[in-house]
DNA sequence: CAAATGTTTCAGTTTATACTGAACGATCAG
DNA sequence: CTGATCGTTCAGTATAAACTGAAACATTTG
């Protein structure tokens, strides 16, 4: 049972580069590295192993595992006759990225739209016609995007289906 | 001509909250605040004003303006008989977000796909069937997404058109 | 060409964020 | 009940990113 650095060098490269990318995805470095570790590991892993393999503290590992579980991209599992917590990656890839997408919409998109609508309703732009117009255009664009995203992310099955549909029709346009 | 804090409080609220969101969009705080300032301003503004209004240094303002210009979301303009550089927001809202989307795909998505393909071609997962399978599934999902995104972002006009199309067909599915 | 004005660069500093590890709480076995 | 094991929390610290401001650079004008 490996619990030192990763067996394959390709795998450890993956963990590291996925880690740097993570920042752009709304995860921090440790969360992204941990997630990557789970992506390239078959067996359930426990907290201590995660900390040891990735050279991070148990505290940090604990917090990241919790957060990844909140995102729903890893799951807690148990081995019979062993009270330790083990974790595995969510097995369904679509589910994983569906959840990441939902989370990102909630964090990045929705507040922006809300913000925009707030500004339009509160602000007085009677002496700034260009601004007024631009904000209205933005609101329209964001509303459209919102409709589309909401439809794609309404539920997992719908999203999966829509994705297939899109693949077929879009390239032709 | 205002060059102190923003005239409208709604506008200044907008600038600040857009600023905190910016981080999630791949911009830093100052870039996002500056961008927001341009969004709610009709008149061309020059570097000095930006620095003064937002209480940031000229150096920082200069770097952010440069970067925003690289992203293509603001433009440099000139007033006749005045050699100072003025800047305005890109007037077309779709163009603005199209460019942000292109940039984000390039930064966030493409490296992830590349990474994944690299791992699949280099790594040996003969003793990790689950991992092998999961990575292949991920590659397929990312490839599909890539096709769709590429089609949406092929060029501005196509994207605009596709967005309208999507809005009409998706909600029904 | 010198002076004036506007712009960019970058070393040093500040600030924000992530991370550590010791202390605590919970759960279980004996 | 007691000791042992495991998980979590959080105050303090380390790290990374952003920002400042002064100096260098560029451009225009007289």
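Protein chains in written order, with the working numbering: chain A, 1104 to 1276; chain B, 1104 to 1276.
Quick reminder that beta carbons are idealized off the backbone N, C-alpha and C, glycines included.
These figures come from a predicted structure and were not determined experimentally.
**Request:** Using alpha carbons as the reference points, say which of B/1180, B/1123, B/1176 and B/1207 lies closest to residue 1192 of chain B.
**Result:** B/1176
**Message:** Against chain A, does residue 1233 of chain B count as a neighbour if the rule is that its beta carbon must be under 7 Å from one of theirs?
**Reply:** yes
**Spatial distance of residue 1261 of chain B from residue 1266 of chain A (CA atoms)** = 19 Å
**Nearest neighbour of residue 1259 of chain B, chosen from B/1182, B/1200 and B/1188 [CA to CA]** = B/1200
**Beta carbon proximity, residue 1247 of chain A to chain B, threshold 7 Å** = yes
**Asked** Can you list, in chain order, the residues of the region 1202-1227 of chain B whose Cβ is nearer than 7 Å to any Cβ on chain A?
**Response** 1210, 1211, 1214, 1215, 1218, 1222, 1225, 1226 and 1227
**Request:** Determine the DSSP secondary structure at residue 1193 of chain B, reduced to helix, strand or coil.
**Result:** coil
**Asked** Shorter than 7 Å from the beta carbon of residue 1104 of chain B to some beta carbon of chain A?
**Response** Any reading at residue 1104 of chain B must be qualified, since the residue scores a pLDDT of 45, below 50, and its modelled position is unreliable; no value is offered.
**Request:** Under 8 Å between beta-carbons, which chain B residues line up against residue 1134 of chain A? List them in chain order, please.
**Result:** None at all; the shortest Cβ gap to chain B is about 15 Å.
**Request:** Check whether the region 1140-1153 of chain A touches the region 1242-1255 of chain B, taking contact to mean three or more Cβ pairs, one atom from each stretch, closer than 8 Å.
**Result:** no
**Prompt:** Would you report the Cα separation of residue 1124 of chain B and residue 1233 of chain A, rounded to the nearest angstrom?
**Reply:** 23 Å
**Asked** If you draw a straight line from the alpha carbon of residue 1104 of chain A to that of residue 1220 of chain B, how long is it in whole angstroms?
**Response** In this prediction, residue 1104 of chain A has a pLDDT of 44, which is less than 50 and means its spatial position is unreliable; nothing more can be read from the coordinates.
**Request:** Under 6 Å Cβ to Cβ from residue 1159 of chain A, same chain only, skipping five residues before and after it: list those, please.
**Result:** 1133
**Prompt:** When you check each C-beta in the region 1250-1265 of chain A against every C-beta of chain B, which residues fall closer than 8 Å?
**Reply:** 1250, 1251, 1254, 1255, 1261, 1264 and 1265
**Item:** Beta-carbon proximity list for residue 1141 of chain B, same chain, < 6 Å, skipping 5 on both sides
**Value:** 1177 and 1192
**Request:** With 8 Å as the C-beta to C-beta threshold (strictly closer), list the residues of the region 1135-1166 of chain B near chain A in chain order.
**Result:** 1142, 1143, 1144 and 1145
**Message:** My output table needs one value for residue 1187 of chain B: the three-state DSSP class, helix, strand or coil.
**Reply:** coil
**Prompt:** Hey, is residue 1120 of chain B's beta-carbon within less than 7 Å of any beta-carbon in chain A?
**Reply:** yes
**Message:** Beta carbons nearer than 8 Å to chain A: which residues of the region 1180-1192 of chain B have them?
**Reply:** 1192
**Message:** According to DSSP, residue 1178 of chain B sits in a beta bridge with which residue or residues?
**Reply:** B/1191
**Asked** Closest Cβ-Cβ distance between residue 1169 of chain B and chain A: below 7 Å?
**Response** no
**Item:** Paired residues, beta bridge with residue 1156 of chain B - DSSP
**Value:** According to DSSP, residue 1156 of chain B bridges with nothing at all.
**Asked** When burial is assigned at 16 or more other CB atoms within 10 Å of the CB, is residue 1106 of chain A buried or exposed?
**Response** Note on residue 1106 of chain A: pLDDT 49, under 50, position unreliable in the model; no value is reported.
**Item:** For residue 1250 of chain A and residue 1203 of chain B, the rounded distance between their alpha carbons
**Value:** 19 Å
**Asked** Given residue 1157 of chain B, which residues of its chain have a CB within under 6 Å of its CB, disregarding the five upstream and five downstream residues?
**Response** 1136
**Asked** Span of the alpha helix (DSSP H) holding residue 1250 of chain A?
**Response** 1232-1255
**Item:** Cβ of residue 1124 of chain A within 7 Å of any chain B Cβ
**Value:** yes
**Request:** For residue 1237 of chain A, count neighbouring Cβ atoms within 10 angstroms of its own Cβ and tell me buried if that reaches 16, exposed if not.
**Result:** buried
**Asked** Which residues share a DSSP beta bridge with residue 1148 of chain A?
**Response** A/1190
**Item:** Where residue 1227 of chain A sits in the DSSP three-state scheme
**Value:** coil
**Item:** Endpoints, alpha helix (DSSP H) assigned at residue 1262 of chain A
**Value:** 1259-1272
**Message:** Please report the distance separating the alpha-carbon of residue 1223 of chain B from that of residue 1129 of chain B.
**Reply:** 28 Å
**Asked** When you compare only the Cα positions, how much space is there between residue 1174 of chain B and residue 1240 of chain B?
**Response** 33 Å
**Item:** Host alpha helix (DSSP H) of residue 1122 of chain A (start-end)
**Value:** 1112-1128
**Prompt:** In three-state terms, what does DSSP make of residue 1106 of chain B?
**Reply:** In this prediction, residue 1106 of chain B scores a pLDDT of 47, lower than 50, which makes its location untrustworthy; the coordinate-derived value is nonetheless stated afterwards. It is coil, neither helix nor strand.
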